[in-house]
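> So the sequence shown is numbered by the working numbering: it starts at 180 and just counts up by one. Built from N, CA and C at the ideal position, the CB exists for glycine as well.
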Amino acid sequence: MRGKALVVGAGIAGLAVAHGLLREGWEVEVRERRGSPPDIGGALGLWRGSMVALDRLGLGARVRERAERPRRAVIADPSGRALAMVDPRRTDARLISRSSLLAVLVEGLPEGVVRWNTPVVGFDADTEGFDVVVGADGIHSLVRRTTFPEAADPRPLGTVAYRGAVPGRVEAATETWGRGRIFGVTPLDAHTTYWFACLRTTLLADRRGQDEVSLLRELYGDWHPMVAFVLDALPGAGVDRRELYDLPALASYVRGRRALIGDAAHAMAPNLGRGACESLIDASVLATALGAERTVHRALAHYDGRRRRPTRRVVHGSRVLNRVSTAVRLDGQRNHLIRALGSVL
Ligand SMILES: Cc1cc2nc3c(=O)[nH]c(=O)nc-3n(C[C@H](O)[C@H](O)[C@H](O)COP(=O)(O)OP(=O)(O)OC[C@H]3O[C@@H](n4cnc5c(N)ncnc54)[C@H](O)[C@@H]3O)c2cc1C
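And the structure:
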C-alpha cells in the first residue's frame, strides 16, 4: 500500500519512521515544533534488535561508521569491587553519541520532509488529507492525549537523572550501585567520557538550591577512582538534570488512522538503556506494515500486535531496575545477591 503520512515529532522515532515510510514509497511530512532535533546529549547503546531495525531502514551502515563497539561493562559497588560483568562484544551492539545518531537520521532525509518550527497544536483541516498520523511526539504526546483521552499521564519514578560528558577517556564502562543512587561512566569516543547519575528524589530533600557540581561531589565524592575522575572534570562541563517518568500501559497503540511510536507509546525509565532502541524497532515495524498491508487498518493492527506486549515488558523491566538499582534499604544484601548471580552467570 502507498499513501500520505503525517508524522508528529522529529526525534529518533519520528525521523526513523520517516525513513522507513519513504523506502516503502509513501509520501511523508514530519512536523517538529523545535528548530532542530532534540539532542539531550549523551551516549546511546544500540542493542542487536535496534541494529537490525536500522539495517531494515537502510541506515545500519552509516550508524556503524559513526559508532563504537561497546567494551566490557562492569557493575560495581562504591568501593570499585566488581559485582557483575556484561560482555556485549559478542553481539552486534554499538555505542553512539545521541548527536551522531540524530545526524545520521536527519542527513539521510530529502530536503523538505521535515518541517522544523512547526508545532502541531490540534487536529483540524490542516492535518486532514493524510492516510495515517504517526504520533512520535515523546512522553507528553499531544497525539496520545487527543487520541486516547482516557490514557493516564506519565508517572514519576521518584528518581532524578544527571548526566553529561567530560574530556578524557576511560577504558571500561562501569555502573556503580550505592544506597539510593547509581553512577555510570562510559567511554564515548577517543577524547570523551559520558557519565550519568541516577538517584532517589528523597536524597535531595535537604539540598534544594545547591549547585549540581557540589551536590554530585557530596553524594559520590567517596566513590571509587573512575567516579572521582568524572567528578574532578565536572566544573564547566555542563550537567543535564531531569526528573524521570514512565508511562502506564496503554490498551492499544493505535486508534482509527493514528498510531503512537517511541516514547509517545511507551516512555520508560532509562535504566535498561532501551528507549531509543525500542523507538527504532517501532519505526521499522510500522513502516514495513504500512508498505506491506492492503489497508491502513490492517497495517496498524499488525504494528500494535507486534509491538505492544514486548515494549510493555521493557517498560516494566526498566521500572524494576530503576527501583532496585537505587534502593535505599537492603542495598548491601542486593549487592551480595548480584555478586552471587554474576559469578553463577
Ligand atoms: C536521562 C535519560 C537517559 C536515557 N538514556 C538512554 C539510553 O542510554 N539508551 C536508550 O536507548 N534510550 C535512552 N533514553 C530514552 C531515549 O532518549 C528515548 O526513548 C528516545 O529519545 C525517544 O525518542 P522519541 O523520538 O520517541 O521522543 P523524543 O526524543 O522526546 O522526541 C519527540 C519529538 O516530538 C516533538 N514534539 C512534541 N510535541 C510536538 C508537537 N505538538 N508538534 C510537533 N513536534 C512535537 C519534540 O519537540 C521532540 O522533538 C534516555 C532517556 C532519558 C530521559
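My output table needs one value for Y341: the three-state DSSP class, helix, strand or coil.
In this structure, Y341 counts as strand in the three-state DSSP scheme.
> Which residue comes first and which comes last in the beta strand (DSSP E) that contains A416?
First-last for A416: undefined, no H or E at that position.
> In the DSSP assignment, what are the bridge partners of V364?
DSSP lists T353, W374 as partners of V364.
> Here's the rule I'm using: 16 or more other beta-carbon atoms within 10 Å means buried, otherwise exposed. How should P427 be labelled?
Exposed is the call here.
> Nearest CA to the CA of R181: which residue from L479, G484, R473, I517?
That would be R473, whose Cα lies nearest to the Cα of R181.
> Mapping the DSSP letters down to three states, classify L288 as helix, strand or coil.
Coil.
> In this structure, does DSSP put V507 in helix, strand or coil?
Three-state DSSP puts V507 in coil, outside helix and strand.
> Please tell me whether, using a cut-off of 7 Å, the distance from the CB of V299 to the nearest non-hydrogen atom of ligand 1 is below it.
Yes, ligand 1 has a heavy atom inside 7 Å of this Cβ.
> Once the 5 residues before and after L453 are set aside, which same chain residues still bring their CB inside 6 Å of it?
Just to set this straight, residue 453 is Arg in the shown sequence, not Leu. Around R453: V493.
> My output table needs one value for P216: the three-state DSSP class, helix, strand or coil.
Coil, per DSSP.
> Which two residues bound the contiguous beta strand (DSSP E) that contains I254?
I254 -> beta strand (DSSP E) spans 252 to 255.
> Does ligand 1 have a heavy atom nearer than 7 Å to the CB of V196?
Checking every heavy atom of ligand 1 against the Cβ of V196, none is found closer than 7 Å.
> Measure how close the beta-carbons of A187 and G314 come, nearest whole angstrom, since I'm counting them as under 8 Å.
It should be noted that the sequence gives Val, not Ala, for residue 187. Rounded, the Cβ-Cβ distance is 5 Å, consistent with contact.
> What's the gap between the Cα of T467 and the Cα of G388?
Near 49 Å, if we compare the C-alpha coordinates of G388 and T467.
> With burial defined as no fewer than 16 other Cβ atoms inside 10 Å of the residue's Cβ, what is the status of E489: buried or exposed?
The question names Glu, but residue 489 in the sequence shown is Pro. Exposed, since its Cβ has fewer than 16 Cβ neighbours within 10 Å.
> Compute every distance between the C-beta of V285 and the non-hydrogen atoms of ligand 1, then say whether any falls below 7 Å.
Answer for V285: no, Cβ out of range of ligand 1.
> Would you list the residues sitting across from A369 in a DSSP beta bridge?
None, per the DSSP bridge assignment.
> Which two residues bound the contiguous beta strand (DSSP E) that contains V300?
First-last for V300: undefined, no H or E at that position.
> Would you decide whether G301 is buried or exposed? Buried here means 16 or more other CB atoms lie within 10 Å of its CB.
Looking at its Cβ environment, which holds fewer than 16 other Cβ atoms inside 10 Å, G301 is exposed.
> Per DSSP, what kind of secondary structure is E211 in: helix, strand or coil?
Coil at E211, not helix or strand.
> Quick one: does the C-beta of E391 sit closer than 7 Å to a heavy atom of ligand 1?
Checking the Cβ of E391 against ligand 1 gives no.
> Give the straight-line distance between the Cα atoms of W356 and A195, rounded to the nearest whole angstrom.
The straight-line gap from Cα to Cα measures roughly 34 Å.
> State yes or no: is the C-beta of G347 within less than 8 Å of the C-beta of A412?
Yes, the Cβ-Cβ distance between G347 and A412 is below 8 Å.
> If you reduce the DSSP assignment to three classes, tell me which class R227 lands in.
Reduced to three states, the DSSP call for R227 is helix.
> Just checking, does the region 325 to 333 make contact with the region 227 to 246 on the three C-beta pairs under 8 Å criterion?
Output reads no: the region 227 to 246 does not touch the region 325 to 333.
> Measure the beta-carbon distance from V507 to R358 and round it to whole angstroms, keeping in mind my assumption that it falls under 8 Å.
The pair is a contact, with the Cβ atoms about 6 Å apart (cut-off 8 Å).
> If distances are taken between C-alpha atoms only, which option among A261, R243, S215 comes closest to I517?
Nearest option by C-alpha distance: A261.
> Mind checking whether R212 and A351 have CB atoms under 8 Å apart?
Taking 8 Å as the Cβ cut-off, R212 and A351 do not qualify as a contacting pair.
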